Each structure stands twice: as structure tokens, then as C-alpha cells.
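In full-length UniProt numbering, the protein residues as written are 1 to 356. C-beta: ideal position from N, C-alpha, C; glycine also. Since we're looking at a predicted model, the values are computed, not measured.
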């Protein structure tokens, strides 16, 4: 304990000596009141960087994406105030050191920086600008929306918050639940450059950060372009593989060939091997959310005066998928209506021509 009396922590000693000694790490934990191992998943260098750049952050929306992002921010040393309508998910983060809040306003009363990860445009609008929302908070200076809401809604929220001198930062993410868990998301940011520089250390914790520009909604346009390609990949790959199975090809061999050739895409590389061929349909992204993103992309194209034939066809396919499989189904189930129409089943123990 003499180290504490001298004002020297075990962490500083490690930096001086270039050592990583377990008993010193435990000593540091005792001196600081933290728990050894809480920053799992972070390298030693990341821990050093994160310690220098921690923030007080409010986090609203602890769903499939929000919870792991918030957890990583805590593990990196940030101090979080969290809110969700489900007490059980809030309690899990409180157990990791977060402070619970009773509403979005309560979050915004406690911190200057508020992040939100929400499932719909209306939810984002209400949380940001509604009654008891972030806009009514007494301390908040900036609102970072990690949701996909499209440039029109982002601009609307931006204008409403600006009247209260609150900066709106568009910050949609891509990479799915796995990316959120591992901190490998693509993080697209648009807003004032100075605010971006302030937030970047925290955003680095959740993924690879890209500054799209300062125009409100610019990052949303980037996200819609990305998700349109993702939506196209899954239905296009489904049609290609269904064609092969109808002709008698082995779908597993098809995917191997596609991934070794010029047809490789995110659906063939990740989604088919993991969720389509084994018939688990559990990749972790809801059909309803994908259809929302496709609709937003089509609206964006229309507003820009563009005529997009492929996008229109993809949009029709996804409307068929949500009608047949439901909004809560996994988006990898997009292959099912295509299979049904062709009379085949791709993968699984019953793969091949239906009924043979």
C-alpha cells in the first residue's frame, strides 16, 4: 500500500517498467476499486489509450445492438448512465458499474453526451425531442444517434435539437450483433468536426470510425447505401443458390465455389454458412429492420430524383419476405419464399427438391 501513499499506481509502474505482472494488476485493482478482468477483449495498448480518453456518457436503448455497445464502453473505462424500458437489461449494466436513469430526460440531466440505439424512426424522434426526452435535459450538449433513421428524419431531429443548442451527431453503425460484441462495427459519423474529434476515442471502442462529413444526415445516406447492398446480397445469393439446387447442385459446394470466385459477397461469406445452410436462420438481424432500411433507401433515392431498377426489384422482394415470414423473423429467412416458389429446400438434412 506504500505505492498509494506515494501517489504511484501499479498501472504507472507497469508503464515505467514495461511489465505486465498479474500481481501488480491485482494490486492496481485493489487501489482503484476496480475488478481485474473487467476490460476483457481489450489489448494492453487499448487499455492505456482508453484510460486517457474516458467520458461520462448517457446510453439509451439496450437492445441487441445497444447492449453490447454500452457494455464495451463501460469495459473501456467510460462512466455510463443508462436507460431502457426493460429493467432486466438495465440491471445487467448496473452490475457492471453503470448508473440507472428513469427516462431519457433523466439521462440528459446527468451527462453532456447522450448516445441512443433505437429500433425505429419514431422511437428516435420521441427519445430525442419528445416529452421527457433528451431535449428537456439540463446538462446535455450533444446527442449521438446510433440508429438508422434516414437523412430526412436525422435532419428533422437536428433542427429541433438545435433550437435548444444541442448538437445532433448522426452515427449509424453496421456489422450486426457480432460486430457490436467484438467492437468491429463500421461507425459512420456526420456532424461538426470538432464534436467528432471529441467523441472519436469513445467511438473507437465500438468499431472502425469513418467521418462522412458535416452535413446533417450524411452518415445516414452512407448507412442506407451500405444496407441496400447488404439487402441485395442476401436475396441475390438466395436466387443464385436456389437456381443451382433446382438443377441438382450441392448448395454447400456452391457456396465454397462462390466464395473462391468473383461472386463472393457478405451473404455467401457469412450468412449462408452460418445461418442458411444449417437452416438455423439466427444471424441476429430482424427482417422488419432490414425492410425498414430498404424502404428508407428507396425513399432517399426518390428524393434525389433517381430511378433505380435494381433497387425497386430488391424492394419488392423484401416486401414479399416480410409478408411471408413476418417482421420478427431473422433476415436470413429471405430465402424461404424463393425456395417455396422454386419447390426446393437449400441446406439442412432435407435439402434438394422439395418432396423427393
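- prompt: If you draw a straight line from the C-alpha of residue 345 to the C-alpha of residue 245, how long is it?
  reply: Going from the Cα of residue 345 to the Cα of residue 245 covers about 8 Å.
task: For residue 57, I'd like the list of residues in its chain whose CB is within less than 8 Å of its CB, leaving aside the five on either flank, ordered along the chain.
output: For residue 57, where only same-chain residues beyond five positions count, the Cβ hits under 8 Å are 73, 78, 79, 80, 81, 111, 113, 114, 115, 202.
message: Quick check on residue 219: buried or exposed, where buried means 16 or more other Cβ atoms within 10 Å of its Cβ?
response: By the 10 Å Cβ count, residue 219 comes out buried.
message: Measuring alpha carbon to alpha carbon, tell me which residue in 339, 162, 290 is nearest residue 331.
response: The option with the nearest alpha carbon to residue 331 is 290.
message: Suppose you measure from the CA of residue 134 to the CA of residue 165; what does that come to, to the nearest Å?
response: In a straight line, the C-alpha of residue 134 is about 12 Å away from that of residue 165.
message: I need the straight-line Cα distance from residue 253 to residue 233, nearest angstrom please.
response: Rounded to the nearest angstrom, the two C-alpha atoms are 18 Å apart.
- request: Please work out which residues of its chain come closer than 7 Å, Cβ to Cβ, to residue 336, disregarding the five sequence neighbours upstream and downstream, and give them in chain order.
  value: Closer than 7 Å at the Cβ level, and outside the excluded window around residue 336, lie 324, 325.
- prompt: For the beta strand (DSSP E) that residue 167 lies in, which residues bound it at each end?
  reply: Residue 167 -> beta strand (DSSP E) spans 167-170.
query: Applying the criterion that 16 or more other CB atoms from any shown protein chain within 10 Å of the CB defines a buried residue, is residue 268 buried or exposed?
result: Buried: at least 16 other Cβ atoms inside 10 Å.
Classification of residue 272 by the beta-carbon crowding that lies within 10 angstroms, buried from 16 upward: Per the 10 Å Cβ criterion, buried.
query: Fully enclosed by the region 74-108, which beta strand (DSSP E) runs are 3 residues long or longer?
result: Counting whole runs of 3 or more residues, the region 74-108 contains the beta strand (DSSP E) stretches 79-83.
- prompt: What number of angstroms, rounded off, separates the C-alpha of residue 206 from the C-alpha of residue 286?
  reply: Their backbone Cα atoms lie some 21 Å apart in a straight line.
message: Just verifying my parser: in three-state terms, what is the DSSP assignment at residue 134?
response: The answer is helix: DSSP assigns residue 134 an H, G or I state.
query: Between the Cα of residue 171 and the Cα atoms of 159, 86, 181, 151, which residue gives the shortest distance?
result: The shortest C-alpha to C-alpha distance from residue 171 to any of 159, 86, 181, 151 is the one to 151.
task: Could you say which of 262, 69, 108 lies nearest to residue 130 if we only look at CA atoms?
output: Cα-wise, what sits closest to residue 130 is 108.
task: Please report the residue range of the beta strand (DSSP E) in which residue 151 lies.
output: First-last for residue 151: 150-162, but that is the alpha helix (DSSP H), not the beta strand (DSSP E).
field: Distance between residue 154 and residue 242 (C-alpha atoms, nearest Å)
entry: Using only the alpha carbons, I get a separation of about 39 Å.
query: Taking Cβ positions, are residue 117 and residue 69 nearer each other than 8 Å?
result: Taking 8 Å as the cut-off, the beta carbon of residue 117 is found closer than this to the beta carbon of residue 69.
message: Between the alpha carbons of residue 174 and residue 119, how many angstroms are there, rounded?
response: Note on geometry: alpha-carbon atoms of residue 174 and residue 119 lie some 14 Å from one another.
message: Let me check understanding here. Comparing Cα to Cα, which of 92, 303, 89, 83 lies closest to residue 100?
response: Selected option, being the one with the closest Cα: 83.
field: 8 Å contact criterion, which residue 64 and residue 284 should meet: CB distance rounded
entry: Contact between residue 64 and residue 284 holds, since their C-beta atoms are separated by about 6 Å, short of 8 Å.
- prompt: Measuring CA to CA, which of 191, 199, 327, 106 is closest to residue 162?
  reply: The shortest C-alpha separation from residue 162 is found at 191.
message: Using 8 Å as the threshold, is the C-beta distance between residue 293 and residue 224 below it?
response: Yes, they are a contact pair.
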